[in-house]
Amino acid sequence: MNDHAPLGPGCRDTPVLKERGQREVFCGLTGIIWLHRKMQDAFFLVVGSRTCAHLLQSAAGVMIFAEPRFATAILEEKDLAGLADAQDELDREVARLLARRPDIRQLFLVGSCPSEVIKLDLHRAAERLSIKHAPHVRVLNYSGSGIETTFTQGEDACLASMVPGLRDTDSRELLLVGALPDVVEDQMLGLLRDMGIDNIRCLPARRTDDTLACGPNTVFALTQPFLGDTHAALERRGARHLPAPFPFGEEGTTAWLRVIADEFGVDRATFDRATQAPRARARKAIAAATETLNGKSIFFFPDSQLEIPLARFLTRECGMTAIEIGTPFLHKALTGPDLDLIPAGPTISEGQDVDLQLDRARAARPDLTVCGLGLANPLEAEGLTTKWAIELVFTPVHFYEQAGDLAALFARPLRRRALLKHGASA
Ligand code: SF4
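Under our numbering, residues 21 to 446 are what the sequence shown spells out, in order.
Right under this line is the structure:
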């Protein structure tokens with residue numbers, strides 16, 4: 021981070037360009053790919069079409085050594101035409117699955133576009149099946165449908181579906197919310213424990229944890245900026261959110277930890293002792309990538325919902341200039357602290373009208389464009405350098421030890437483009 025970056029007016033009050041046109045994003049089923057790795061005794065049963073099955077299979081790859089913990093119950097034409105009782109078929113499918121896989125403790129019925137179109141009531145199915153298979157298996161449901169959603173909403177919907185089932189508690193607990201790779205989660209827990217903060221829980225837990233609880237003395241911090249519904253569900257249970265910049269980069273991680281440390285009365289010396297060495301490592305690692313990023317412009321198409329915190333990281337810690345920061349949804353309760361830190365100047369846009377936004381990107385000719393897979397190839401063909409937004413949720417990028425990797429993810433396409441140019445002119 022550049023400690024001397026002036027804190028001028030941020031972007032929290034910048035008028036937002038709202039667009040409601042055609043969108044180019046993946047659907048919420050995509051989240052299953054990282055959620056099934058994180059929650060080791062959960063199973064995700066998509067109730068959908070062959071298209072949904074293909075999407076999952078191609079995105080997740082084929083597992084050879086382990087039985088996958090996701091599958092698609094395919095709705096056939098007779099289901100879609102209402103000629104068969106899809107609820108009965110679902111019950112039979114679930115009974116077969118659970119008999120074969122006693123390791124499953126938590127089963128998610130995941131809705132899709134087809135199940136929504138035929139109005140298959142998966143909530144009712146989950147309640148019925150939960151009673152039938154209790155106490156060994158808990159059955160929950162959420163929607164991963166691509167109708168009016170974006171791909172990170174799958175995780176949000178999944179975690180939100182777990183909140184009503186959390187036990188009640190009056191204990192003072194810290195709940196850390198968001199699915200992180202285990203190694204990153206361990207780093208986060210290590211930093212907080214080094215400051216003397218205990219009584220920490222994670223949602224989602226790696227294994228079904230019946231002691232996971234929530235109540236009026238629970239405070240929670242989000243590790244992902246796309247958890248708007250989970251945030252609302254936790255507040256409904258009486259928990260209090262700790263708003264903070266998201267833990268990307270050295271500055272973001274320090275600010276995120278600082279908010280929690282202040283809440284738990286950690287003194288400055290203890291905080292510095294716990295963070296000094298990893299902060300220094302993070303700065304050094306970011307500096308290596310910053311050589312490529314410094315002075316370059318960036319344009320974000322709305323996709324992962326990580327755009328605002330990443331723009332904060334890239335503008336304040338890597339010397340980039342943001343032209344437009346597009347996000348599918350703008351939750352100021354979540355991303356307000358990051359907006360406060362982004363120097364005023366970029367267009368902040370919410371939603372998408374893809375043709376209009378493409379026109380703006382073409383006119384601006386940014387050095388780097390962050391977008392979905394569908395837009396990347398055409399833009400590359402037009403000479404723009406792109407970064408796939410989806411890579412950012414599949415790569416460990418949070419907290420100090422990953423800060424250099426995060427910066428490098430953005431530096432790599434710029435270096436590649438420079439090499440290609442150099443090669444062409446040689
Ligand atoms: S849920 Fe909808 S958008 Fe996603 S794969 Fe299935 S049909 Fe396609």
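All residues carry an ideal CB built from backbone N, CA and C; glycine is no exception.
| said: Does K441 pass the burial test, meaning 16 or more other C-beta atoms within 10 Å, or should it be called exposed? | reply: The residue given as residue 441 occupies position 421 in the sequence shown. By the neighbour-count rule (16 or more Cβ atoms within 10 Å), K441 is not buried but exposed.
- [ ] Alpha carbon to alpha carbon, how far is M340 from G315? Give it in angstroms, no decimals.
- [x] Looking up residue 315 in the sequence shown gives position 295. Looking up residue 340 in the sequence shown gives position 320. In a straight line, the C-alpha of G315 is about 5 Å away from that of M340.
In chain order, which continuous runs of the alpha helix (DSSP H) of length 4 or greater are located wholly inside the stretch 125 to 187? 133 to 137, 142 to 153 and 173 to 182
| Taking 7 Å as the cut-off, does the CB of G164 come closer than this to any heavy atom belonging to the ligand SF4? | Within the sequence shown, residue 164 is the residue found at index 144, counting from 1. The answer is yes for G164.
Exercise for review: Could you tell me which uninterrupted alpha helix (DSSP H) segments, each at least 4 residues in length, are contained entirely in the stretch 346 to 384, listed from first to last along the chain?
Suggested key: 352 to 361 and 374 to 384
Helix, strand or coil at T405 according to DSSP, with G and I counted as helix: Walking along the sequence shown from the start, residue 405 turns up at place 385. Note: T405 maps to coil in three-state DSSP.
Exercise. Between P433 and D123, what straight-line distance do the alpha-carbon atoms span, to the nearest angstrom?
Worked result: The sequence position of residue 433 within the sequence shown is 413, counting from 1. The sequence position of residue 123 within the sequence shown is 103, counting from 1. Each residue's alpha carbon lies about 42 Å from the other.
Beta bridge counterpart(s) of K38 as assigned by DSSP: As a first step, residue 38 must be located in the sequence shown, where it is residue number 18. Looking at the DSSP assignment, K38 forms a beta bridge with E370.
*Going by the CB atoms, is the gap between N161 and G185 shorter than 8 Å?*
Along the sequence shown, one-based indexing puts residue 185 at 165. Along the sequence shown, one-based indexing puts residue 161 at 141. No, these two residues do not count as a Cβ contact at 8 Å.
* May I have the straight-line CA-CA distance separating Q377 from Q296, to the nearest angstrom? => What you label residue 377 is simply residue 357 of the sequence shown in a count that begins at 1. What you label residue 296 is simply residue 276 of the sequence shown in a count that begins at 1. Looking at the two C-alpha atoms, the distance is approximately 42 Å.
Under 6 Å Cβ to Cβ from D282, same chain only, skipping five residues before and after it: list those, please. Counting from one through the sequence shown, the residue named residue 282 turns up at place 262. For D282, where only same-chain residues beyond five positions count, there are no Cβ hits under 6 Å.
Do the CB positions of H351 and G248 come within less than 8 Å of each other? Locating residue 351 in the sequence shown gives position 331, where the first residue counts as 1. Locating residue 248 in the sequence shown gives position 228, where the first residue counts as 1. Taking the C-beta atoms as reference points, G248 is found nearer than 8 Å to H351.
Practice prompt. Find the nearest neighbour of F284 within the set E311, A427 and A241, judged by alpha-carbon distance.
Written response: Here residue 284 refers to the residue found at position 264 of the sequence shown. With distances taken between Cα atoms, F284 lies closest to A241.
**Study point:** Three-pair Cβ contact test at 8 Å for the stretch 52 to 69 versus the stretch 226 to 233
**Key:** yes
**Prompt:** If you draw a straight line from the alpha carbon of R301 to that of Y420, how long is it in whole angstroms?
**Reply:** Residue numbering aside, residue 301 sits at position 281 when the sequence shown is read from its first letter. Residue numbering aside, residue 420 sits at position 400 when the sequence shown is read from its first letter. Their backbone Cα atoms lie some 7 Å apart in a straight line.
Is the beta carbon of V374 less than 8 Å from the beta carbon of G41? Locating residue 374 in the sequence shown gives position 354, counting from the first residue. Locating residue 41 in the sequence shown gives position 21, counting from the first residue. Taking a C-beta distance under 8 Å as the contact criterion, V374 and G41 qualify as a contact pair.
Less than 8 Å separating the beta-carbons of G272 and F320?
The residue labelled residue 272 in the question sits at position 252 within the sequence shown. The residue labelled residue 320 in the question sits at position 300 within the sequence shown. Not in contact: G272 and F320 (Cβ atoms no closer than 8 Å).
Report whether the distance from the Cβ of L212 to the nearest heavy atom of the ligand SF4 is below 7 Å.
By 1-based counting over the sequence shown, the position of residue 212 is 192. No; taking the cut-off as 7 Å, the Cβ of L212 has no heavy atom of the ligand SF4 nearer than that.
task = Using 7 Å as the cut-off, classify the Cβ of S324 as near or not near the heavy atoms of the ligand SF4, replying yes or no.
result = Sequence index remark: in the sequence shown, residue 324 carries index 304 (1-based). Checking the Cβ of S324 against the ligand SF4 gives no.
Q.
Between the alpha carbons of L211 and T290, how many angstroms are there, rounded?
A. By one-based count along the sequence shown, residue 211 stands at place 191. By one-based count along the sequence shown, residue 290 stands at place 270. When rounded, the distance between both Cα atoms is 11 Å.
Taking DSSP as the reference, what is the three-state secondary structure of M21?
Within the sequence shown, numbered from 1, the residue matching residue 21 stands at position 1. Since pLDDT at M21 reaches only 43, below the 50 mark, its modelled position is unreliable, and the value read off the structure follows with that caveat. Coil.
**OP:** Measure the C-alpha to C-alpha separation of A73 and F246 and round it to an integer number of angstroms.
**Re:** By one-based count along the sequence shown, residue 73 stands at place 53. By one-based count along the sequence shown, residue 246 stands at place 226. One C-alpha to the other measures close to 24 Å.
Based on the DSSP output, what are the partners of C234 in its beta bridges? Position 214 of the sequence shown holds residue 234. In the DSSP output, where bridge partners are listed per residue, C234 has D188.
Exercise. Can you grab the Cα-Cα spacing for the pair L149 / V159, in whole Å?
Key: As a working mapping, residue 149 is identified with position 129 in the sequence shown. As a working mapping, residue 159 is identified with position 139 in the sequence shown. Their Cα atoms are separated by approximately 6 Å.
Q. Out of curiosity, what's the CA-to-CA distance linking A353 and P263?
A. Position 333 of the sequence shown, counted from the first residue, corresponds to residue 353. Position 243 of the sequence shown, counted from the first residue, corresponds to residue 263. The alpha-carbon atoms of A353 and P263 are separated by roughly 7 Å.
Per DSSP, cross-strand counterpart(s) of T389:
Locating residue 389 in the sequence shown gives position 369, counting from the first residue. BP columns for T389 point to F319 and T406.
**Prompt:** Would you say G403 reaches chain B, if we count a Cβ-Cβ gap shorter than 8 Å as a contact?
**Reply:** No chain B is part of this structure, which consists of one protein chain only.
**Asked** Out of P29, R125, T170 and D141, which has the shortest C-alpha to C-alpha gap to L49?
**Response** Locating residue 49 in the sequence shown gives position 29, where the first residue counts as 1. Checking every option, the nearest Cα to that of L49 belongs to T170.
key: Buried versus exposed, by CB contacts within 10 Å (16 or more), V181   = As a first step, residue 181 is located in the sequence shown; it is residue number 161 there, counting from the start. For clarity, residue 181 is Ser in the given sequence; the question names Val instead. Counting Cβ neighbours within 10 Å, S181 comes out buried, since at least 16 surround it.
Note to self: Helix, strand or coil for K441? Go by DSSP, reduced to three states.
What the structure shows: As a working note, residue 441 is residue 421 in the sequence shown. Three-state result, K441: helix.
DSSP beta-bridge partners for L194?
Counting from 1 along the sequence shown, the entry for residue 194 is found at position 174. According to DSSP, L194 bridges with I220 and V239.
Next on the checklist: My output table needs one value for E96: the three-state DSSP class, helix, strand or coil.
Outcome noted: Here residue 96 refers to the residue found at position 76 when the sequence shown is read from its first residue. Note: E96 maps to coil in three-state DSSP.
**Asked** Per DSSP, what kind of secondary structure is E344 in: helix, strand or coil?
**Response** Sequence index remark: in the sequence shown, residue 344 carries index 324 (1-based). Strand at E344.
ask   = Is it the case that the Cβ atoms of I306 and A342 are separated by a distance below 8 Å?
value = In the sequence shown, residue 306 corresponds to position 286, counting from 1. In the sequence shown, residue 342 corresponds to position 322, counting from 1. Their beta carbons are not under 8 Å apart, which means I306 does not touch A342 by this criterion.
Exercise for review: Specify, as a first and last residue, the run of the alpha helix (DSSP H) that G30 falls within.
Suggested key: What you label residue 30 is simply residue 10 of the sequence shown in a count that begins at 1. Where G30 is concerned, there is no enclosing alpha helix (DSSP H), given that its DSSP letter is neither H nor E.
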